[in-house]
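First up is the structure itself, then whatever we jot down about it.
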Amino acid sequence: MKELLVKTVTKTGSSKLNEQNKSATPVNGKFDYLKDYVEERFQKKFPKKDFLTSWIEYNHLADFKISDNVESVGGISEEGHYIMRSITEYFLTQAFKSMKIDMNDPNVGGEKGTPYRLAKMYCGNDLNDDTEMLSGRWSNKPQMTSFPNEHGQKYPITKRVDIVSVCSHHTAPFSTLFRDGSYAVISYIPGEKIIGISKLQRIVDWVSRRGHLQENLTKMIYDEVCLAAETASVYVKLSGLVHTCESLRGTQSNEGAFTSEFYGGDFSNYEMRREVSGG
Ligand SMILES: [Zn+2]
Numbered sequence: 001m002k003e004l005l006v007k008t009v010t011k012t013g014s015s016k017l018n019e020q021n022k023s024a025t026p027v028n029g030k031f032d033y034l035k036d037y038v039e040e041r042f043q044k045k046f047p048k049k050d051f052l053t054s055w056i057e058y059n060h061l062a063d064f065k066i067s068d069n070v071e072s073v074g075g076i077s078e079e080g081h082y083i084m085r086s087i088t089e090y091f092l093t094q095a096f097k098s099m100k101i102d103m104n105d106p107n108v109g110g111e112k113g114t115p116y117r118l119a120k121m122y123c124g125n126d127l128n129d130d131t132e133m134l135s136g137r138w139s140n141k142p143q144m145t146s147f148p149n150e151h152g153q154k155y156p157i158t159k160r161v162d163i164v165s166v167c168s169h170h171t172a173p174f175s176t177l178f179r180d181g182s183y184a185v186i187s188y189i190p191g192e193k194i195i196g197i198s199k200l201q202r203i204v205d206w207v208s209r210r211g212h213l214q215e216n217l218t219k220m221i222y223d224e225v226c227l228a229a230e231t232a233s234v235y236v237k238l239s240g241l242v243h244t245c246e247s248l249r250g251t252q253s254n255e256g257a258f259t260s261e262f263y264g265g266d267f268s269n270y271e272m273r274r275e276v277s278g279g
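Following this line, the structure appears as structure tokens:
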């Protein structure tokens with residue numbers, strides 16, 4: 001699907017672009033005034049790739065929700081992602097300058113200074129990076145290995161996972177890691193399939209590392225586990241997560257801990273949920 005998109009765009013886009021280059025008319029999109037700046041960086045990074053193809057791809061990419069992955073708008077190539085990251089870095093530098101932050105300060109400025117690091121934190125290093133705060137908007141979905149349910153198991157399989165996410169209002173982290181007693185649990189009752197248990201954390205990371213409201217994140221994790229396990233009998237509970245936008249700023253409230261759950265199928269039964277969530 002990705003390739004198809006690039007090819008189609010190139011076909012119609014490059015001829016149009018050549019014409020417009022001749023007349024020096026701006027083409028393609030709202031960031032045209034950054035084209036030279038981006039191209040120079042791009043050619044260093046991808047000396048053998050055609051810049052215009054990727055530039056057009058990036059400019060044709062639709063906006064998508066802070067809680068979604070780029071697949072929701074057709075996906076992006078590694079080169080298109082790099083262009084997005086470069087432009088993001090450019091504007092973060094401008095934001096720092098507008099706040100009168102001295103970019104000559106060696107702890108902030110320089111080629112791989114704070115705007116570079118922030119852009120990486122927001123965008124991920126590449127499409128395989130699942131370690132940054134908003135990398136789940138761009139990274140490839142992890143493969144979910146599954147096995148046939150040979151013994152016909154009909155009891156819940158339960159796993160505790162860590163949640164690292166950021167709120168969509170402030171992009172401030174919220175997590176299970178900020179205090180004792182906070183946890184997240186996923187349970188499902190297998191049908192035909194059993195999913196590789198280590199994969200659950202990866203899928204949770206992929207979904208979580210975007211901008212979220214906790215209640216929406218809970219539902220999204222539920223949906224992904226349903227899809228992977230091919231069952232609706234799934235229970236997701238995020239218990240006592242600390243939201244730093246509340247605990248460290250604003251009200252600085254310690255009441256910021258927040259619990260949410262989402263379930264379906266056999267987990268409509270309260271006793272079932274209590275059993276797997278440990279209370
Ligand atoms: Zn917030």
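If you're matching positions, the sequence shown starts at 1 in the working numbering and goes up one per residue.
All residues carry an ideal CB built from backbone N, CA and C; glycine is no exception.
Using a strict less-than 5 angstroms threshold between each residue's beta carbon and the heavy atoms of ligand 1, what residues do you get? Cys-167, His-169, His-170, Cys-245
To the nearest angstrom, report how far apart Arg-179 and Gly-211 are at their CA atoms. Each residue's alpha carbon lies about 21 angstroms from the other.
If you check the beta carbons only, do Leu-241 and Ser-175 fall under 8 angstroms apart? yes
Use the C-beta contact count for Glu-326: other C-beta atoms within 10 angstroms, 16 or more gives buried, fewer gives exposed. Residue 326 lies beyond the residue range present for the chain, which begins at 1 and ends at 279; the question has no answer from this structure.
Classification of Asp-306 by the beta-carbon crowding that lies within 10 angstroms, buried from 16 upward: Since the first residue of the chain shown is 1 and the last is 279, residue 306 is not available in this structure.
Euclidean distance between Cα positions of Thr-131 and His-81: 16 angstroms
By the DSSP assignment, the alpha helix (DSSP H) with Val-204 in it spans what residues? 197–208
For the 8 angstroms Cβ check, are there 3 or more pairs between the stretch 56–76 and the stretch 106–114? In the pairwise beta carbon analysis, the stretch 56–76 is classified as not touching the stretch 106–114: fewer than three pairs are separated by under 8 angstroms.
Whole-number beta carbon distance between Val-38 and Ile-83, since they are thought to touch under 8 angstroms: Under the criterion of beta carbons closer than 8 angstroms, Ile-83 and Val-38 qualify as touching, at roughly 6 angstroms.
Please say whether Ser-165 and Arg-137 have beta carbons closer to each other than 8 angstroms? no
Output the boundary residues of the alpha helix (DSSP H) element that contains Gly-80. 78–98
Distance between beta carbons of Ser-146 and Gly-191, contact taken as under 8 angstroms: In this structure, Gly-191 and Ser-146 do not form a Cβ contact; the two beta carbons are roughly 11 angstroms apart against a cut-off of 8 angstroms.
Looking at the secondary structure, which residues open and close the alpha helix (DSSP H) in which Phe-42 lies? 35–45
Below 6 angstroms CB to CB, which residues in the same chain sit around Ser-277 once its five sequence neighbours on both sides are set aside? So the list reads Val-185, Lys-237, once near-sequence residues are dropped.
For Gly-264 and Glu-230, I'd like the C-alpha separation in whole angstroms. 12 angstroms
Counting C-beta neighbours from all protein chains within 10 Å, is the total for Glu-271 16 or more, i.e. buried, or is it exposed? exposed
Cβ-based burial, Thr-218 [other Cβ within 10 Å; buried from 16]: buried
From the DSSP output, in three-state form, read off Glu-261 for me. strand
Runs of beta strand (DSSP E) wholly within the stretch 156–180 (minimum 3 residues, chain order): 157–161, 164–167, 173–175
Looking at the secondary structure, which residues open and close the beta strand (DSSP E) in which Ile-186 lies? 183–188
Which of the three DSSP states, helix, strand or coil, is assigned to Leu-227? helix
Where the alpha helix (DSSP H) containing Phe-31 begins and where it ends: That residue, Phe-31, is in no alpha helix (DSSP H); it is neither H nor E in DSSP.
Specify the secondary structure class of Gly-211 as computed by DSSP and reduced to three states. Strand at Gly-211.
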